[in-house]
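Engineer:
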Amino acid sequence: MDERYDPKKIEPYWQAEWQRQDLYRTREDPARPKFYVLEMFPYPSGAGLSVGHLHNYVPCDVIGRYKRMAGFNVLHPMGWDAFGLPAENEALLRGLHPSETVTRYAANFKRQLTISGCAYDWSREINSSSPEYYEWTQWFFLLLYKRGLAYRGTGAQWWCDLCGSVLANEQVINGCCWRHTDNPVTKKDLEQWYIKITDYADRLLEDLDAIDWPEPIKLMQRNWIGRSEGAELSFPVANNPTREIRFFTTRPDTVFGVSFMVLAPEHPLVAEITAPAERASVEAYVADARRQSEIERMSTVKEKTGVFTGAYAHNVFTNKDIPIWIADYVLMGYGTGAIMGAPGQDQRDFEFATRYGLEIPRVTAPADGTPPPADRAFVDPGITINSGFLIGMTTADAINAVCRWAEQHKVGRPTISYRMRDWLISRQRYWGCPIPIVYCKGKGNDGIVPVPEEQLPVLLPAMKDYQPSGTGRSPLANVPEFVNTTCPICGGPAERETDTLDGFACSSWYFLRFASPHYDRAPFDRRAADYWLPVDLYVGGAEHAVMHLLYARMWTKVMFDSELIGFQEPFPMLRNQGQVWAADGHRMSKSRGNVVTPDAMIEKYGADALRLWELFMSPFDEATNWNESGIAGTERYLMRVWTMIRRFVEAGSPAGAPSLDTLKRVHKGLRITTEHIERLRFNTALAAMMDLLNHLTKLKPDEMGRFAAEAYVTMLAPMAPYAAEEMWRALGHASSVHLESWPQYDAELTREETVTVVVQINGKVRDRLQVASGASEEQVRELALKSEAVNRHLDGKTPKKFIYVQDKMLSIVA
RNA sequence: GCGAGAGUGGCGGAAUGGCAGACGCGCCGGACUUAGGAUCCGGUGCCGCAAGGCGUGGGGGUUCAAAUCCCCCCUCUCGCACCA
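The first sequence maps to residues -3 to 810 in my numbering.
1) Return the residue from the list 741, 676, 731 that minimises the CA-CA distance to residue 708.
2) What separation, rounded to the nearest whole angstrom, lies between the Cα atoms of residue 716 and residue 751?
3) Is residue 419 helix, strand or coil by DSSP?
4) Classify residue 817: buried if its beta carbon has 16 or more other beta carbons within 10 angstroms, exposed otherwise.
5) Could you spell out where the beta strand (DSSP E) holding residue 35 opens and where it closes?
6) Using only the alpha-carbon positions, how far apart do residue 354 and residue 250 sit?
7) Could you say if the segment 647 to 660 and the segment 617 to 632 meet the contact criterion of at least three C-beta pairs nearer than 8 Å?
8) Once the 5 residues before and after residue 227 are set aside, which same chain residues still bring their CB inside 7 Å of it?
9) Could you check what DSSP says for residue 621 in three-state terms: helix, strand or coil?
10) If I measure Cβ to Cβ from residue 547 and keep anything under 6 Å in the same chain, skipping five residues before and after, which residues do I get?
11) For the pair the segment 46 to 59 and the segment 109 to 121, tell me if three or more CB-CB distances fall below 8 Å.
12) Can you tell me where the alpha helix (DSSP H) holding residue 630 begins and where it ends?
13) Using a 10 Å radius around the Cβ and a threshold of 16 neighbouring Cβ atoms, would you call residue 576 buried or exposed?
14) For residue 194 and residue 224, what's the separation of their Cα atoms in angstroms?
15) Below 8 Å between beta carbons: does that hold for residue 218 and residue 300?
16) Please classify residue 162 as buried or exposed, where buried requires at least 16 neighbouring CB atoms within 10 angstroms.
17) Using the Cβ count rule (16 or more neighbours within 10 Å means buried), how would you classify residue 77?
18) Scan the segment 106 to 176 and note each continuous beta strand (DSSP E) run of 3 residues or more that stays entirely inside, going in chain order.
19) When we look at the beta-carbon of residue 275 and count the other beta-carbons within 10 Å, is it buried (16 or more) or exposed?
20) Rounded to a whole number of angstroms, what is the C-alpha to C-alpha distance between residue 456 and residue 84?
21) At which residue ranges does the segment 673 to 700 contain complete alpha helix (DSSP H) runs of 4 or more residues, listed in the order of the chain?
22) Below 8 Å CB to CB, which residues in the same chain sit around residue 619 once its five sequence neighbours on both sides are set aside?
23) With a threshold of 16 other CB atoms inside 10 Å of the CB of residue 713, please say whether the residue is buried or exposed.
24) So, does the segment 575 to 594 touch the segment 79 to 96, judging by three or more C-beta pairs under 8 Å?
25) Quick check on residue 794: does DSSP put it in helix, strand or coil?
26) Is the beta carbon of residue 139 closer than 8 Å to that of residue 446?
27) Quick check on DSSP: helix, strand or coil for residue 238?
28) Cα separation between residue 376 and residue 365?
29) For residue 518, tell me which candidate among 259, 103, 450 has the shortest Cα-Cα distance.
30) Should residue 256 be counted as a contact of the ligand NAD given a C-beta to heavy atom distance under 7 Å?
31) Using the C-alpha atoms, what's the distance from residue 253 back to residue 80?
32) Report buried or exposed for residue 16, applying the criterion of at least 16 other Cβ atoms within 10 angstroms of its Cβ.
33) Considering just the uninterrupted stretch of the alpha helix (DSSP H) at residue 493, what are its terminal residues?
34) Could you check whether residue 579 and residue 621 sit closer than 8 Å to each other, using their CB atoms as the reference points?
35) Since residue 114 and residue 57 should fall inside the 8 Å C-beta cutoff, what is the C-beta to C-beta distance between them, to a whole number of angstroms?
36) Since residue 755 sits in a beta bridge, which residues does DSSP pair it with?
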């Protein structure tokens, strides 16, 4: 063992040695309990990993290593979410082929993770852009199609006429194209593929109750799904009884107060019902609404506007004709694109009615008998008034009564509406997973023919030029050899789908692939999946709260329904790591020049010191700003451990007979460290280790003894794997410390014999008593009343009341 | 605007109703030293010589006891954009 701790010397050595020993290879072993820890697989970018990424990977590595030592068979894999826009943009702008850049960037990520000491089983590395992987993404798409969960529909996409291509939301900046910054984007309607995630809305909602996820994430999913109960009703258009306006409401009890209707400007009825006299103003409003939606997020606090169509609807409850308006605050994408206006009970309707001088009937009164406020809507539940057969009913009863009446008279029914919409999974992009569909020219039903499984994968063709097709189709439309094919059924001429799948398709099942990453007969080997899945601990950023985590949950449920797997939730336990901002408080980014790389920190301090600082600088799940100054502290800590072990070894590694006090401290340190690692409290786990070190370094080697020395190094192993390995060898062991068992503590030895009991008088601490642990209230009281400090502060007053908290505190009220 | 989270020494943070500031950074002092940006030892919330008092964004409340629970306000961060 060298005198000085020199990470530059030991880290490369052990890296090579671990690789030679294939130390992190994982195999199924039914005899041992399994633990599957997974980080959300990263998109390999050219910027490489920053120290911010390691704030996720290092703690997960600690958990993986710890669980392995604690007796679990641990699966801790890594792969690359490799399809995506940045690689395609680089291809477009710099002519670099995405598969080359992605391969290079992934290799760099892997190198950075390796030098950081992360124990991944690299034999299970996957890449979502490799045909061996996306073959099965395509297979899943076909599964969804066969189950009626994938369908074609029309959707509007951002469009730049100068690029001749669709744009992602992030490519639209201030309403203009990212490349043509003074060219306003428009919307283009395209036929696209959708996934019917709405069929799973209720299950996605209900099953949230049974999983261990951060509450804010669950809440975001609940809000995203946005379930609301109500009724769908319909009113006929006056003088045009073949046409009706269907609408959803959560307050069917207020139908007698409906004094107008509002349609979304895009509503298909608008053109048909508009009266000739109003046509000009309606068309102008519709055009204006369309233009406004094109100029991104111009004004978020604008007033409610609308125009009258000149048409009327017949309120079947009041038998009155009510005006039909259009307004841009009604969205075509939610509900039916039409709402009833009940201005007395809805604040938004109230503002609209006030502005345009519409009638404001009051049909709900406060339950306490006071009149509804005159200057605003009364939105709370109450007692129904002015409402025919509903008068006197509570809001809840009136809702039921309206639903029953509507069903009997065939004008509506109770229903549930969801805010969540179906998942638009088509992308008009090159660098994605091809959709395994062909369109046969000789067939009806749009000629949709799924590619037979045995013909998968549909390979993404190599291209030289990634210019957009100009038509709204993906660049793949420019490759005739790809597009033109034959129908798998009739053999006649057919064209391939040229859209590719959203990257979220790849990430909706990758956690299963790690169980059997090289299996080539199915997406996964059922036996391996049954052993490893579900994921025991899933870790990633809160930014994936809704999309990725909902899609992956839905696909898992589809797999369960298809009897491919035996579980319904892929991630029973989820945690979010805290975001690490740059020292300047901004996102770390190449353009700001504030990226700190692990490479630079490892060069300066060594990987172990960096790892310890990642663990120590802040709680795992809380955001923090990067601050390099503390690494000096973790580096110094490692040096002190090193010196302690070196002195111990140089003294001949004496077996020693530690004092009871030392023994108790070791066991207590072990207990706290263990408990805190289990709870993912790495910063306080390390603090407990430092505390223990501060005690142990005061001892001579034979006072410390072999048990303490070895337990200490073993405990350090998950956090600082290189230094621990080197010290373990110096302690005379031939095999790796990472194959050792986690040391067990003796609970008896972690018990305190004496405790400090605080004495408070009227809420202020006046004395501290050392008493035997478990002392009775009487004993402590007696002791306290003898105390000089207590008597001085009691100042002759008689205690009125004592409150005793065992082993902690005696509170005296005087 | 709505929703979620956060606010504690000079700094990162600890304490989840029971000793505020664990552990570390920085700083101050000392030892060793030709030397120290190394190492080791001690100190370090604020006021005060002390006894003691004050102190967890601000204000109020509950409690024997509040950083922690409740109400109001301020600031910051993240998410969502009129969801009928």
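Positions of the beta carbon are idealized from the N, C-alpha and C atoms, including for glycine.
Structural biologist: Concretely, from the data shown:
1) Stepping through the first sequence from its first residue, residue 708 is reached at position 712. Measuring from the Cα of residue 708, the nearest candidate turns out to be 741.
2) Locating residue 716 in the first sequence gives position 720, counting from the first residue. Locating residue 751 in the first sequence gives position 755, counting from the first residue. Cα to Cα, the separation comes out at about 34 Å.
3) Taking the first residue of the first sequence as position 1, residue 419 is located at position 423. Of the three classes helix, strand and coil, the one that applies to residue 419 here is strand, per DSSP.
4) As shown, the chain starts at -3 and ends at 810. That puts residue 817 outside it, with no answer to give.
5) Working through the first sequence from its first residue, we reach residue 35 at position 39. It spans 30 to 35 - the beta strand (DSSP E) in which residue 35 sits, taken as one unbroken run.
6) Reading the first sequence from its first residue, position 358 is the one you call residue 354. Reading the first sequence from its first residue, position 254 is the one you call residue 250. Rounded to the nearest angstrom, the two C-alpha atoms are 16 Å apart.
7) no
8) Your numbering for residue 227 matches position 231 in the first sequence. The residues are 245, 248, 398, 399, 402, 408, 409, 410, 411.
9) Position 625 of the first sequence, counted from the first residue, corresponds to residue 621. Here residue 621 sits in strand by DSSP.
10) Here residue 547 refers to the residue found at position 551 of the first sequence. Answer for residue 547: 500, 504, listed in chain order.
11) yes
12) Here residue 630 refers to the residue found at position 634 of the first sequence. Segment 627 to 646, the alpha helix (DSSP H) holding residue 630.
13) Taking the first sequence and counting its residues from 1, one reaches residue 576 at position 580. Under this definition residue 576 is a buried residue.
14) Position 198 of the first sequence, counted from the first residue, corresponds to residue 194. Position 228 of the first sequence, counted from the first residue, corresponds to residue 224. For residue 194 and residue 224, the distance between alpha carbons rounds to 13 Å.
15) Translated into positions along the first sequence, residue 218 becomes position 222. Translated into positions along the first sequence, residue 300 becomes position 304. Cβ distance not < 8 Å, so residue 218 and residue 300 don't count as in contact.
16) Mapped onto the first sequence, residue 162 falls at position 166. Counting Cβ neighbours within 10 Å, residue 162 comes out buried, since at least 16 surround it.
17) Position 81 of the first sequence, counting from 1, holds the residue named residue 77. By the 10 Å Cβ count, residue 77 comes out buried.
18) 146 to 156, 161 to 163
19) Stepping through the first sequence from its first residue, residue 275 is reached at position 279. By the 10 Å Cβ count, residue 275 comes out exposed.
20) Position 460 of the first sequence holds residue 456. Position 88 of the first sequence holds residue 84. Their Cα atoms are separated by approximately 13 Å.
21) 678 to 692
22) Within the first sequence, the letter at position 623 stands for residue 619. Once the five neighbours on either side are set aside, the close Cβ partners of residue 619 are 574, 575, 576, 577.
23) Counting from one through the first sequence, the residue named residue 713 turns up at place 717. By the 10 Å Cβ count, residue 713 comes out buried.
24) no
25) Taking the first residue of the first sequence as position 1, residue 794 is located at position 798. Three-state DSSP puts residue 794 in coil, outside helix and strand.
26) On the first sequence, residue 446 is found 450 positions in, with the first residue counted as 1. On the first sequence, residue 139 is found 143 positions in, with the first residue counted as 1. Not closer than 8 Å, so no.
27) Position 242 of the first sequence, counting from 1, holds the residue named residue 238. Residue 238: strand per DSSP, three-state reduction.
28) Walking along the first sequence from the start, residue 376 turns up at place 380. Walking along the first sequence from the start, residue 365 turns up at place 369. Distance between the alpha carbons of residue 376 and residue 365 is about 13 Å.
29) Position 522 of the first sequence, counted from the first residue, corresponds to residue 518. Closest by alpha carbon: 450.
30) As far as ligands go, the structure on display features none, and thus does not contain the ligand NAD.
31) Numbered from 1 along the first sequence, position 84 holds the residue referred to as residue 80. Numbered from 1 along the first sequence, position 257 holds the residue referred to as residue 253. Near 51 Å, if we compare the C-alpha coordinates of residue 253 and residue 80.
32) Looking up residue 16 in the first sequence gives position 20. Exposed is the call here.
33) Sequence index remark: in the first sequence, residue 493 carries index 497 (1-based). Run containing residue 493: none; DSSP gives neither H nor E here.
34) Numbered from 1 along the first sequence, position 625 holds the residue referred to as residue 621. Numbered from 1 along the first sequence, position 583 holds the residue referred to as residue 579. Yes. Within cutoff.
35) Position 118 of the first sequence, counted from the start, is the residue given in the question as residue 114. Position 61 of the first sequence, counted from the start, is the residue given in the question as residue 57. The Cβ separation is near 4 Å, so the contact holds.
36) Start at 1 with the first residue of the first sequence, and residue 755 comes out as number 759. The partner list for residue 755 (beta bridge, DSSP) reads 763, 806.
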